[in-house]
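Asks:
Residue numbers (the UniProt record's numbering), protein chains in the order written: chain A, 1 to 289; chain B, 1 to 283.
1. Measuring alpha carbon to alpha carbon, tell me which residue in B:249, B:97, B:269 and B:282 is nearest residue 187 (chain A).
2. Check the C-beta distance from residue 82 (chain A) over to residue 99 (chain A) and give it rounded, since I have them as a contact under 8 angstroms.
3. With a cut-off of 9 angstroms, does the C-beta of residue 170 (chain B) fall near any C-beta of chain A?
4. Say whether chain A places a C-beta atom closer than 9 angstroms to the C-beta of residue 119 (chain B).
5. Chain A beta carbons: is any one of them nearer than 9 angstroms to that of residue 116 (chain B)?
6. Can you tell me where the alpha helix (DSSP H) holding residue 175 (chain A) begins and where it ends?
7. Hey, how far is the Cα of residue 83 (chain B) from the Cα of residue 76 (chain B)?
8. I'd like to know if residue 234 (chain A) contacts chain B, where contact means its C-beta is closer than 9 angstroms to some C-beta of that chain.
9. Select from the stretch 97-115 of chain B all residues with a C-beta closer than 9 angstroms to any C-beta belonging to chain A, and list them in chain order.
10. Are the stretch 155-166 of chain A and the stretch 140-149 of chain B touching by the rule of at least three beta carbon pairs closer than 8 angstroms?
11. Exposed or buried, which one is residue 236 (chain B) when buried takes at least 16 other CB atoms within 10 Å?
12. Below 7 angstroms between beta carbons is the criterion; list the residues of the UniProt domain "t-SNARE coiled-coil homology" (218-280) of chain B that meet it against any residue of chain A, in chain order.
13. Helix, strand or coil: how does DSSP classify residue 165 (chain B) here?
14. In whole angstroms, give me the CA-to-CA distance for residue 259 (chain B) and residue 136 (chain B).
15. Return the first residue and the last residue of the alpha helix (DSSP H) that residue 49 (chain A) is part of.
16. Terminal residues of the continuous alpha helix (DSSP H) containing residue 121 (chain A)?
17. Using beta carbons (cut-off 9 angstroms, strictly below), is residue 147 (chain A) in contact with chain B?
18. I want to verify the contact list: residues of chain E whose CB lies under 9 angstroms from the CB of residue 126 (chain B), in sequence order.
19. When we look at the beta-carbon of residue 79 (chain B) and count the other beta-carbons within 10 Å, is it buried (16 or more) or exposed?
20. Tell me which residues share the same chain as residue 159 (chain A) and place their Cβ nearer than 6 angstroms to its Cβ, disregarding the 5 neighbours each side in the sequence.
21. Residue 16 (chain A) to residue 39 (chain A), Cα distance in whole Å?
22. Which of helix, strand or coil does DSSP assign to residue 17 (chain A)?
23. Answer with yes or no whether the minimum CB distance from residue 132 (chain B) to chain A is below 9 angstroms.
24. Please report the Cβ distance between residue 90 (chain B) and residue 221 (chain B), rounded to the nearest whole angstrom; I am assuming they are in contact, meaning their Cβ atoms lie under 8 angstroms.
25. Using 10 angstroms around the beta-carbon of residue 198 (chain A), count the other beta-carbons present and answer buried if the total reaches 16, otherwise exposed.
26. Could you check the C-alpha separation between residue 157 (chain A) and residue 215 (chain A) for me, to the nearest Å?
27. Please decide whether residue 27 (chain B) counts as near chain A, where near means a Cβ-Cβ distance under 9 angstroms.
28. Taking only the alpha-carbon atoms, compute the straight-line gap between residue 121 (chain B) and residue 139 (chain B) and give it to the nearest angstrom.
29. Counting only beta-carbon separations shorter than 9 angstroms, does residue 261 (chain A) have a partner in chain B?
30. Please classify residue 3 (chain A) as buried or exposed, where buried requires at least 16 other C-beta atoms within 10 Å of its C-beta.
31. Helix, strand or coil: how does DSSP classify residue 240 (chain B) here?
32. Closer than 8 angstroms between beta carbons: that is the criterion. Which residues of the stretch 187-211 of chain A meet it against chain B?
33. Tell whether a beta-carbon distance below 9 angstroms holds between residue 271 (chain A) and residue 195 (chain A).
34. List, in chain order, every chain A residue whose beta-carbon is nearer than 7 angstroms to that of residue 123 (chain B).
35. Which residue marks the beginning of the alpha helix (DSSP H) containing residue 156 (chain A), and which one marks its end?
36. Kindly indicate which three-state DSSP category residue 261 (chain A) falls into: helix, strand or coil?
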């Protein structure tokens, strides 16, 4: 380990020396970048991630001075991979710089990929607002590159985050838009009922019974076969339970559905919110009587 | 079945921490989750999230254990009273219902997995198309490079013409109207009664508890019919999914074959351009 670190230091010093010297036609930046790269590899072998990341940032600066934006962006990505080991925030910043460079040189696909990575980093760090922003940006970029399938899967994540942030209307609109798009495709039509269930759960969390009923009619327009599904039955049972203010009926409907299809954590969290709201209303009514 | 627990019989869950249970006995009002709560329920909580009975309400635990080993301990089936046999029939009917529901559950899981696979296959198809589209970009850049390499020779040198085996065609856009459907198509099919996945039978509601064992058996039969109907619908849908998956995989196989030809052609031309560049540098 110590041996690798010493070699890394040596390469870094040589690179710094190269930068401070004279060079013909900017070749000194290329040479310095090569030496820094060797140094960064040595630091990686020594598992000194912070030094490796710093060196990759220096490589990026060398490439920027030599006007090689693609190489600079790649160096920022390498730096981010090192930062991920100990500082997700700095990893996100490095990736953000890479994204800016990829956008400048028109590599939208790469920019979209790394935007998605940034979003996922922020999601893991529980910074949901930032995660949502970056994932939306990523979805837009994938869309503009004609990758609708990738875009839709990211939009679903955005909608889920929006629902977690209690932006139920936004989440519902995204889910419905995805469902409308997917229903006309032979491969994607089968996942529509799951997406419409997610949209319905968002409406339930808003607690507006009229809106829920209207939504279910809309879902029927999107997918005419939806009314025959267990997802539709769950939503209609939950809507009825909300209208009656019956917590027990609400619980039974969820139990019945879960006995066949296990509810994922996202659905569980939102249905718990809806149930708590219902319970609160029930308690308030009890207080009044 | 002797002494062995039914595979599909649901385990008795601990009802202590089920957040969906009506907990009027907990005194205080539940707090609303934090605004940015993305934390899923803890695993142990999720394990007991939806409590339910153990599924066998027909008779006592002692009787059940007797049924389970087919009255082997009490002189066999022949030695039992009519009442005992009726109870046994009810137990067996209930057990069959559990099995059918277990099958439906597995079929639902398969359907879920299949729909995710279809989404992945669709993404893969788009990736294949996109990478094949890149051959056209590479072709343009390579043509420009070949022109430059041709112009680089000396004044008296023979004009260099790059060799080509064929055209770079790029992806064939074979997804016609039969694949990406028109918006109204599903609705028209539905109105004609040609639903793509037939509506699932909503389970019958039994308002009164059965009084006799025979009524219990009849009720269980009705539940089994509902379960089998659901199973049939899911399997029909799975068949449709398998067909669509097969069609798409065939399309992708053909697309990969076409792109392979284009990549071979590009490879051949790049080798030619490299040879030309080496010759120029050698002069």
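Ideal Cβ placement from N, Cα and C applies to all residues, glycine included.
Replies: The structure says:
1. If we check each option's Cα against that of residue 187 (chain A), B:249 comes out closest.
2. The pair is not a contact, with the Cβ atoms about 17 angstroms apart (cut-off 8 angstroms).
3. Cβ-Cβ to chain A under 9 angstroms: no for residue 170 (chain B).
4. Chain A contact via Cβ: present.
5. Yes, contact with chain A.
6. First-last of the alpha helix (DSSP H) with residue 175 (chain A): 168-182.
7. Inter-residue distance for residue 83 (chain B) and residue 76 (chain B) is about 15 angstroms (C-alpha atoms, whole angstroms).
8. Not flagged as an interface residue toward chain B: residue 234 (chain A), since no C-beta distance is shorter than 9 angstroms.
9. Going along the stretch 97-115 of chain B in chain order, one finds 101, 104, 105, 108, 109, 111, 112, 114 and 115 with a Cβ nearer than 9 angstroms to chain A.
10. These segments do not touch.
11. The residue in question, residue 236 (chain B), is exposed, as its Cβ has fewer than 16 Cβ neighbours within 10 Å.
12. Those residues of the UniProt domain "t-SNARE coiled-coil homology" (218-280) of chain B that come within reach of chain A (Cβ to Cβ, closer than 7 angstroms) are 241, 244 and 248.
13. Three-state DSSP puts residue 165 (chain B) in coil, outside helix and strand.
14. In this structure, the straight-line span from the alpha carbon of residue 259 (chain B) to that of residue 136 (chain B) is close to 11 angstroms.
15. That run of the alpha helix (DSSP H) goes 49-65.
16. From DSSP, the alpha helix (DSSP H) with residue 121 (chain A) extends over 108-124.
17. At least one chain B Cβ lies under 9 angstroms of residue 147 (chain A).
18. Here chain E cannot be found, since the structure's protein chains are A and B.
19. With fewer than 16 Cβ atoms within 10 Å of its Cβ, residue 79 (chain B) is classed as exposed.
20. If the five residues before and after residue 159 (chain A) are omitted, its C-beta is found closer than 6 angstroms to the C-beta atoms of 171, 174 and 175, all from its own chain and listed in chain order.
21. When rounded, the distance between both Cα atoms is 11 angstroms.
22. In the three-state reduction of the DSSP assignment, residue 17 (chain A) falls in the helix class.
23. No - not a single Cβ of chain A is within 9 angstroms of the one on residue 132 (chain B).
24. Contact between residue 90 (chain B) and residue 221 (chain B) fails: their C-beta atoms lie close to 11 angstroms from each other, not under 8 angstroms.
25. Taking every protein chain shown into account, the CB of residue 198 (chain A) has 16 or more other CB atoms within 10 angstroms, so this residue is buried.
26. Rounded to whole angstroms, residue 157 (chain A) and residue 215 (chain A) show a C-alpha spacing of 21 angstroms.
27. Note that residue 27 (chain B) has pLDDT 46, beneath the 50 cutoff, so the model's placement of it is unreliable and the number below is only indicative. For residue 27 (chain B), no CB of chain A lies under 9 angstroms from its own CB, so it is not counted at the interface with that chain.
28. Spanning the two alpha carbons is a distance of roughly 28 angstroms.
29. At least one CB of chain B lies nearer than 9 angstroms to the CB of residue 261 (chain A).
30. Its Cβ having fewer than 16 others within 10 Å, residue 3 (chain A) is exposed.
31. For residue 240 (chain B), the three-state secondary structure derived from DSSP is helix.
32. Using a CB distance below 8 angstroms, the part of the stretch 187-211 of chain A facing chain B consists of 187, 188, 189, 190, 191 and 194, ordered along the chain.
33. No, these two residues do not count as a Cβ contact at 9 angstroms.
34. Correct list: 149 and 150.
35. Counted as a single uninterrupted DSSP element, the alpha helix (DSSP H) harbouring residue 156 (chain A) occupies residues 148-164.
36. DSSP places residue 261 (chain A) in the coil class of the three-state scheme, outside both helix and strand.
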